[in-house]
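Chemist: I'd like to ask you about the structure that follows.
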Amino acid sequence: VKAMKTGAFDYITKPFNVDEIRVVIDKALSTYDLINDVNYLKSEIDKSYAFSNIIGKSEAIRKIFRLIKQTADKQATVIIYGESGTGKELVARAVHYNGSRRDKPFVTINCAAIPDTLLESELFGYEKGSFTNAWERKVGRFELADQGTLFLDEIAELSLNTQAKILRFLQEREFTRIGGSKTIKVDTRLISATNKNLEKALAEEKLREDFYYRINIIPIVIPPLRERKDDIPLLANHFIGKVAEREGKHVKGMTREALEMMISYHWPGNVRELENIIERTVTLADQEAISAELLPSHIRNAGKTSVMKNQIVNGEMTFPEAGDQFE
Numbered sequence: 303v304k305a306m307k308t309g310a311f312d313y314i315t316k317p318f319n320v321d322e323i324r325v326v327i328d329k330a331l332s333t334y335d336l337i338n339d340v341n342y343l344k345s346e347i348d349k350s351y352a353f354s355n356i357i358g359k360s361e362a363i364r365k366i367f368r369l370i371k372q373t374a375d376k377q378a379t380v381i382i383y384g385e386s387g388t389g390k391e392l393v394a395r396a397v398h399y400n401g402s403r404r405d406k407p408f409v410t411i412n413c414a415a416i417p418d419t420l421l422e423s424e425l426f427g428y429e430k431g432s433f434t435n436a437w438e439r440k441v442g443r444f445e446l447a448d449q450g451t452l453f454l455d456e457i458a459e460l461s462l463n464t465q466a467k468i469l470r471f472l473q474e475r476e477f478t479r480i481g482g483s484k485t486i487k488v489d490t491r492l493i494s495a496t497n498k499n500l501e502k503a504l505a506e507e508k509l510r511e512d513f514y515y516r517i518n519i520i521p522i523v524i525p526p527l528r529e530r531k532d533d534i535p536l537l538a539n540h541f542i543g544k545v546a547e548r549e550g551k552h553v554k555g556m557t558r559e560a561l562e563m564m565i566s567y568h569w570p571g572n573v574r575e576l577e578n579i580i581e582r583t584v585t586l587a588d589q590e591a592i593s594a595e596l597l598p599s600h601i602r603n604a605g606k607t608s609v610m611k612n613q614i615v616n617g618e619m620t621f622p623e624a625g626d627q628f629e
């Protein structure tokens with residue numbers, strides 16, 4: 303017993319049995335391998351959500367870096383604003399994994415993906431027998447994220463009733479499971495995200511004012527990709543390297559023409575759309591550089607349009623000539 307308390311893996315009593323020794327050694331080796339696997343996975347997670355995975359050199363991205371560093375070790379709620387595909391969850395994970403909670407749970411829930419009738423039980427859990435088919439106790443996301451972070455995506459989709467229940471947690475740091483009477487206290491940090499205008503939701507009375515002020519303590523705004531086009535070459539090269547390594551391809555970059563077309567495009571799907579385009583082109587490429595011909599037609603046309611606008615302004619092309627280019 304003393305040996306176990308001081309860190310021994312196991313012990314064998316005399317007289318020794320060779321088969322028993324083999325079993326214990328096998329268990330010890332398996333446990334050692336498992337510990338190594340867990341440590342490796344933790345290091346891979348740390349790499350995946352390091353600052354180096356938020357790609358960009360624009361002032362907007364540098365500001366996001368600063369905010370992540372300033373807030374990672376704080377308790378204050380964070381809300382991330384940005385269009386779909388801008389990388390809101392990546393920023394949320396960076397806040398979590400670069401702070402003191404990095405080794406604790408990061409739990410996510412998409413508020414728009416779960417009907418409101420089920421969302422409360424997902425968030426707060428329920429007791430056995432609290433309603434039909436509640437055969438056993440269910441632990442909710444707030445409880446699962448204890449000591450860690452709960453990320454609520456699409457928070458503008460919450461009903462007023464659910465907002466009130468989350469507000470109580472934010473004020474008291476406690477909640478009660480559905481059908482329960484016991485108050486549960488947890489140390490869960492809340493990070494939320496939305497692609498909606500919350501001030502408009504306030505005006506339309508779809509958002510509680512007190513709830514809004516509680517979740518809007520530290521806002522982080524991710525601009526759409528069309529507003530930070532200087533980041534497109536960096537993002538493209540990052541995803542090219544990532545996909546090429548995964549697929550065993552020797553693609554190293556893009557031709558100048560292809561890159562100019564990428565920069566000219568308006569990217570309604572933001573970084574997610576860019577990543578999908580790069581995955582497609584790297585997969586199809588048979589040379590070291592992705593050529594313009596591999597890009598989808600809507601991106602090629604955006605590039606042509608941009609070039610022709612400049613030529614028309616500079617008197618190098620007439621409107622009829624520009625029209626002929628698309629025939």
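Be aware that the sequence shown starts at 303, since it is given in the working numbering, and climbs by one per residue. In this text, a Cβ means the ideal position worked out from N, Cα and C, and glycines have one as well.
#1: Below 8 angstroms between beta carbons: does that hold for Leu331 and Asn355?
#2: Which full runs of the alpha helix (DSSP H) of 4+ residues lie inside the stretch 452 to 488, going along the chain?
#3: Nearest CA to the CA of Ser402: which residue from Glu424, Lys359, Thr373, Phe453?
#4: Run through DSSP, which three-state label would Tyr567 get?
#5: Taking only three categories from DSSP, how would you classify Val265?
#6: On the DSSP bridge list, what partners appear for Val409?
#7: Let's test the definition: count the other Cβ atoms within 10 Å of the Cβ of Ala414 and tell me whether it reaches 16, buried, or not, exposed.
#8: Identify the residues that DSSP records as bridge partners of Thr496: which are they?
#9: According to the Cβ coordinates, are Gly482 and Glu529 closer than 8 angstroms?
#10: Decide if His398 is buried, meaning its Cβ has at least 16 other Cβ atoms within 10 Å, or exposed.
#11: Over what stretch of residues does the alpha helix (DSSP H) that includes Arg368 continue unbroken?
#12: Please report the straight-line C-alpha distance between Phe444 and Phe426, rounded to a whole angstrom.
#13: Could you compute how far the alpha carbon of Val584 sits from the alpha carbon of Asp455?
#14: Keeping to the same chain, check which residues put their C-beta closer than 6 angstroms to that of Ser461; ignore five residues upstream and five downstream.
#15: Per DSSP, which one or two residues make a beta bridge with Val441?
#16: Just to confirm, is the Cβ distance from Thr496 to Ile457 under 8 angstroms?
#17: Can you check which of these residues, Met563, Pro407, Ala447, is closest to Ile592 by C-alpha distance?
#18: Enumerate in chain order the residues of its own chain whose CB-to-CB distance from Thr485 is below 7 angstroms, with the five nearest sequence positions on each side excluded.
#19: Quick one: what does DSSP say Gly543 is sitting in, helix, strand or coil?
#20: Should Lys344 be labelled buried (16 or more other beta-carbon atoms within 10 Å of its own) or exposed?
#21: So which of Arg602, Ile517, Ala538 has the shortest CA-CA distance to Lys554?
#22: By the 10 Å Cβ neighbour count, where 16 or more other Cβ atoms means buried, how is Ala394 classified, buried or exposed?
#23: In chain order, what residues of the same chain lie with their CB nearer than 6 angstroms to the CB of Arg439, ignoring the 5 residues before and after it?
#24: In the structure shown, what three-state DSSP assignment does Ile347 receive?
#25: Going by C-alpha distance, which of Asp533, Val573, Ile480, Ala594 is nearest Glu385?
#26: So, at 7 angstroms on beta carbons, what are the nonlocal neighbours of Asp512 in its own chain, with the 5 sequence-adjacent residues on each side left out?
#27: In three-state terms, what does DSSP make of Ile517?
#28: Pull up the distance between the alpha-carbon of Val409 and that of Leu500, whole angstroms please.
#29: What alpha helix (DSSP H) runs, 4 residues minimum, are completely inside the stretch 549 to 599?
#30: Going by beta carbon distance, what residues of the same chain come within less than 6 angstroms of Gln449, once the five residues before and after it are set aside?
#31: Excluding five sequence neighbours on each side, which residues of the same chain lie with their C-beta closer than 6 angstroms to the C-beta of Ala378?
#32: Please report the distance separating the alpha-carbon of Ser599 from that of Asn412.
#33: What residue does the alpha helix (DSSP H) around Glu391 start on, and which one ends it?
Modeler: On the basis of the coordinates in this document:
#1: Here residue 331 corresponds to residue number 29 of the sequence shown, with the count starting at 1. Here residue 355 corresponds to residue number 53 of the sequence shown, with the count starting at 1. Contact flag unset, no.
#2: 462 to 474
#3: Position 100 of the sequence shown holds residue 402. Ranking Glu424, Lys359, Thr373, Phe453 by Cα distance to Ser402 puts Thr373 first.
#4: Working through the sequence shown from its first residue, we reach residue 567 at position 265. The answer is coil: DSSP assigns Tyr567 none of H, G, I, E or B.
#5: Summary: the structure shown does not reach residue 265, with the chain confined to residues 303 through 629, and so no result is reported for it.
#6: Within the sequence shown, residue 409 is the residue found at index 107, counting from 1. BP columns for Val409 point to Leu452.
#7: Along the sequence shown, read from residue 1 onward, the residue named residue 414 stands at position 112. Under this definition Ala414 is an exposed residue.
#8: As a working mapping, residue 496 is identified with position 194 in the sequence shown. Thr496 is bridged to Tyr383.
#9: Residue 482 sits at position 180 when you count from the first residue of the sequence shown. Residue 529 sits at position 227 when you count from the first residue of the sequence shown. No, they are not a contact pair.
#10: In the sequence shown, the residue the question calls residue 398 occupies position 96. His398 comes out buried.
#11: Your numbering for residue 368 matches position 66 in the sequence shown. Note, Arg368: alpha helix (DSSP H), 361 to 373.
#12: Here residue 444 refers to the residue found at position 142 of the sequence shown. Here residue 426 refers to the residue found at position 124 of the sequence shown. Roughly 6 angstroms between the two C-alpha positions.
#13: If you number the sequence shown from 1, residue 584 lands on position 282. If you number the sequence shown from 1, residue 455 lands on position 153. Cα to Cα, the separation comes out at about 31 angstroms.
#14: Along the sequence shown, read from residue 1 onward, the residue named residue 461 stands at position 159. Around Ser461: Asp418.
#15: For the purposes of this step, residue 441 is identified with residue 139 of the sequence shown, where counting begins at 1. Partner(s): Gly427.
#16: On the sequence shown, position 194 is the one that residue 496 refers to. On the sequence shown, position 155 is the one that residue 457 refers to. Taking 8 angstroms as the Cβ cut-off, Thr496 and Ile457 qualify as a contacting pair.
#17: Indexing the sequence shown from 1 puts residue 592 at position 290. Residue Met563 is the option with its Cα nearest to Ile592.
#18: Here residue 485 refers to the residue found at position 183 of the sequence shown. Glu476, Thr478, listed in sequence order.
#19: The residue labelled residue 543 in the question sits at position 241 within the sequence shown. Helix, per DSSP.
#20: One-based indexing of the sequence shown puts residue 344 at position 42. Per-residue confidence for Lys344 stands at a pLDDT of 49, beneath the threshold of 50, marking its modelled position as unreliable; the derived number appears in the next sentence. Label assigned to Lys344: exposed.
#21: Start at 1 with the first residue of the sequence shown, and residue 554 comes out as number 252. Of the candidates Arg602, Ile517, Ala538, the one whose C-alpha sits nearest the C-alpha of Lys554 is Ala538.
#22: Counting from one through the sequence shown, the residue named residue 394 turns up at place 92. Its Cβ being crowded by 16 or more others within 10 Å, Ala394 is buried.
#23: For the purposes of this step, residue 439 is taken as residue 137 along the sequence shown, with counting starting at 1. Excluding positions up to five away in sequence, the list reads Glu429, Lys430.
#24: Taking the sequence shown and counting its residues from 1, the one referred to as residue 347 is at position 45. Any answer about Ile347 is weak, because its pLDDT of 47 lies below 50 and its placement is not dependable; what the coordinates show is given next. Shown here, Ile347 sits in a helix according to DSSP, grouped into three states.
#25: Taking the sequence shown and counting its residues from 1, the one referred to as residue 385 is at position 83. It is Val573 whose Cα lies nearest to the Cα of Glu385.
#26: As a first step, residue 512 is located in the sequence shown; it is residue number 210 there, counting from the start. Closer than 7 angstroms at Cβ, skipping near neighbours: Leu469.
#27: Locating residue 517 in the sequence shown gives position 215, counting from the first residue. Ile517 falls in the helix class under three-state DSSP.
#28: As a working mapping, residue 409 is identified with position 107 in the sequence shown. As a working mapping, residue 500 is identified with position 198 in the sequence shown. Approximately 23 angstroms, taken between the alpha carbons.
#29: 558 to 566, 572 to 586
#30: Here residue 449 corresponds to residue number 147 of the sequence shown, with the count starting at 1. Hits under 6 angstroms: Lys406, Asp489.
#31: Within the sequence shown, numbered from 1, the residue matching residue 378 stands at position 76. Closer than 6 angstroms at the Cβ level, and outside the excluded window around Ala378, lie Ile519, Ile520.
#32: Position 297 of the sequence shown, counted from the start, is the residue given in the question as residue 599. Position 110 of the sequence shown, counted from the start, is the residue given in the question as residue 412. So the alpha carbons of these two residues sit roughly 33 angstroms apart.
#33: Indexing the sequence shown from 1 puts residue 391 at position 89. That run of the alpha helix (DSSP H) goes 390 to 399.
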